[in-house]
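What the sequence shown shows, in the working numbering, is residues 337 to 888, in sequence order. Just so you know, even glycine gets a beta-carbon here, dropped at the ideal spot from N, CA and C. First the structure, in the form of structure tokens, and then the observations on it.
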Amino acid sequence: MRIFKKSVIAALSIIGILLVLVSCKTEISNGMGTNNSVRDTLSITILQTADIHGQLDTHPELFWENENVLFKNRGGLANIKTLFKMERQKNPNRTIIVDGGDLIQGSGYTALSEGKVMLELIKNMGYDVIIPGNWEVVYGKDVMIDVMQGYDTDVIAQNMYHEKSEELLFPAYSVKEIEGVRIGFMGINDPDVPVRQNPIFSKGIAFSGLTNVLKKQVDDLKVNEDLDVLFLVTHLGVFKQVELANNTISESVDYILGNDTHERVRKPIQGKFAKVTEPGAFGSFVGKLTLHFVDGILVDDDYELIDVDPEVFPADKEVQSLVDKAKAPYEEHLETVIGYTKTPIYRYLTVENPMDNMITDAARWKTGADISISNGFRFGNPIVPEDGKSAPITRANLWNLLPVNEKVKTGKATGKQIKDWLEKEMHNAFSQNPTERFGGWLVRFSGMKVNFNSQNERGNRISAITVNDEPMKDDKFYTISACVRPGDPIENLCRMANVKDVEVMDYTIHDVVEEYLKKNSPISPTLEGRAYCEYLGTYSFSTVPKTNYKFQ
């Protein structure tokens, strides 16, 4: 009967269907609409969060407006819960809520509890579908499974397997039916997790990639489950998600709910086969996609990225009480002030950030290395001075900046080794081929300055490197510090192979930063041009090839 109905509707004039939809929208905008006011129109709401990274409370968030950096308070799980309630009230029994992963890592509260503070909180948020992200593995396979199963909702991942048995860790997909409309969600995590994260984190987990096997699974799901709409919920990063939307793997896909790179997509990016969204990070935003159906056929959609503004969405009392209870065992330790800053500390730019300048300066100060390195990522809520006063830096802030606390590692590498490594890291960040990217942000450093062109080919991006204000020499050895990556060979240092005279220190990077802040506060980290590309400029927030997307 469903197939016959679809065949008849498909034969109708699309103009007629759209006229019905326009009429429906007009009635609703005039205040006439309710769920039953227009007999032939059904609107279904999909809400999406992503990359919350253990952020429990409202916090400063960075915005780029009128060519300036500014900060506003956003987020908070209890505030998100209020937003969810309001949206469900607007469209009762027709709202589906999805999270795209990286819930249990990124804050001191999640790190010290190994993600367990999130279990009861997420159970009470009202999610319908959740996927694991690349950081869900941080405490090991068993902890990840225990926490995610405790959410008491659908957790899906098509490409994560028990390494020995080759059985899926979670079901591959979830199907929701609303008033006869069938909507499918398939979860896909980044197959490069064992490379991107410390290899030991994902021990015992196997990942499959974006292959023809996936395409068959996607096509079969659409047909066998008789789906009206199919979503891929992916934790791949915006570059690979846009590429996937243009790949024949997605021929049966309608939307890709993307996650991982913390991008704020305010208008879905249209690919050849599917539309791509990504709703920022840290719980600061919620994506809202509204699907409009006429007699079971999807005819239109609307999308907006909603700021989780605490003045608009005050904290839900029940969830806030759960947050306060979850934080209590760790709060005294984490909210201890360890230093002060006169300037805003943030990490959103693709090349250089005040946050990493502070961290790498601290490491070089402690180790005496020629060059200190910090991995490139987009963690850490801003720390913002107000009213001309220095802002306190707490241990909770430190965990936000450095969500994995490993020992410091030093070694020696030649100028040629360092240059070749940097060229590889630049390709990971700026390749015009999205499938060759990792993350999209350059590694950061102290003691070295680099001029480059992100648009050049692999191996030809760097034009000049200086170390301690002198040109780098290919055959000279330089001392380097970075952090241990458990599971890496001992001679590897921040993905640089064959480093000489490696030494693992008896202190961690948190120890270093706390000591540095104690002796040097108040600090004033700024942008210094440590790495500079004229094409990107000083304030480069995103580089998404072949799109008009801009970070806002």
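- Integer Cβ distance of Phe813 from Trp400, believed to fall under 8 angstroms: About 40 angstroms separates the two Cβ atoms, so there is no contact after all.
- Message: Here's a check: name, in chain order, each residue in its chain whose Cβ is nearer than 7 angstroms to the Cβ of Gly619, leaving out the five neighbours to either side.
- Response: Thr385, Ile388, Gln391, Gly411, Gly412, Leu413, Ile416 and Val644
- Is the distance from the Cβ of Lys512 to the Cβ of Ile432 below 8 angstroms? yes
- Using three-state DSSP, classify Asn402 as helix, strand or coil. coil
- Message: In the DSSP assignment, the beta strand (DSSP E) including Glu640 goes from what residue to what residue?
- Response: Ile633 to Asp643
- Query: Applying the criterion that 16 or more other CB atoms from any shown protein chain within 10 Å of the CB defines a buried residue, is Ile605 buried or exposed?
  - Reply: buried
- Alpha-carbon to alpha-carbon, Arg683 and Asp697: 15 angstroms
- Item | Cβ-Cβ separation, Arg866 to Phe898 (assumed contact under 8 angstroms), whole Å | The structure shown does not extend to residue 898, since the chain is modelled only from 337 through 888, so no value can be given for it.
- Query: By DSSP, does Ile481 sit in helix, in strand, or in coil?
  - Reply: helix
- Message: Please report the distance separating the alpha-carbon of Met332 from that of Ile492.
- Response: In the structure as shown, the chain begins at 337 and stops at 888. Residue 332 is therefore absent and cannot be evaluated.
- On the premise that Trp735 lies in contact with Ser443, defined as a C-beta separation below 8 angstroms, what is that separation, rounded to the nearest angstrom? 6 angstroms
- Compare the C-alpha of Met461 against each of Tyr676, Glu654, Trp757 and Tyr509 and name the closest. Glu654
- Item | Helix, strand or coil at Tyr843 [DSSP, three-state] | strand
- Query: Who does Asp490 pair with in a DSSP beta bridge?
  - Reply: Val465
- Exposed or buried, which one is Gln791 when buried takes at least 16 other CB atoms within 10 Å? exposed
- Task: Kindly indicate if chain D contains any beta-carbon less than 8 angstroms away from that of Asn470.
- Result: Judged by its chain identifiers, the structure shown contains no chain D, having just a single protein chain.
- Beta-carbon separation of Gly520 and Leu563 under 8 angstroms? yes
- Message: In the DSSP assignment, the alpha helix (DSSP H) including Asn733 goes from what residue to what residue?
- Response: Arg731 to Leu737
- Message: Buried or exposed for Gln656, going by 16 or more other Cβ atoms inside 10 Å?
- Response: buried
- Which runs of the beta strand (DSSP E) spanning at least 3 residues fall entirely within the segment 493–536, listed in chain order? 496–498, 509–514 and 517–525
- Query: In whole angstroms, what separates the C-alpha of Ser538 from that of Lys500?
  - Reply: 13 angstroms
- Taking C-alpha atoms, which residue in Asp692, Gly704, Tyr666 and Ile674 lies nearest to Lys855? Ile674
- Task: Hey, could you find the ends of the alpha helix (DSSP H) Tyr445 is sitting in?
- Result: Gly444 to Leu448
- Three-state secondary structure assigned by DSSP to Leu758: helix
- Paired residues, beta bridge with Ile801 - DSSP: Val786
- Message: Please report the straight-line C-alpha distance between Pro822 and Leu504, rounded to a whole angstrom.
- Response: 25 angstroms
- Item | Every unbroken alpha helix (DSSP H) inside the segment 674–754 [4 residues or more] | 690–703 and 731–737
- Task: Tell whether a beta-carbon distance below 8 angstroms holds between Phe621 and Ile642.
- Result: yes
- Message: Helix, strand or coil, according to DSSP, for Thr613 in the structure here?
- Response: strand
- Query: Where Leu455 and Tyr487 are concerned, what is the direct C-alpha to C-alpha distance, given to the nearest angstrom?
  - Reply: 6 angstroms
- Task: Measure the C-alpha to C-alpha separation of Leu853 and His846 and round it to an integer number of angstroms.
- Result: 11 angstroms
- Counted within 10 angstroms of its Cβ, other Cβ atoms place Asn884 as buried (16 or more) or exposed: exposed
- Task: Less than 8 angstroms between the CB atoms is what I'm expecting for Asp526 and Asn582, so what's the real figure, rounded?
- Result: Incorrect: roughly 18 angstroms between the Cβ atoms, too far for contact.
- Between Leu627 and Ile467, is the Cβ-Cβ spacing less than 8 angstroms? no
- Message: Can you find the residues in the same chain that come closer than 8 angstroms, C-beta to C-beta, to Glu599, ignoring five residues on each side of it along the sequence?
- Response: Val574, Glu614, Gly616, Ser878, Val880, Tyr885 and Phe887
- Between Lys477 and Ile536, which are expected to be in contact by the criterion C-beta below 8 angstroms, what is the C-beta distance as a whole number of angstroms? About 11 angstroms; that fails the 8 angstroms criterion.
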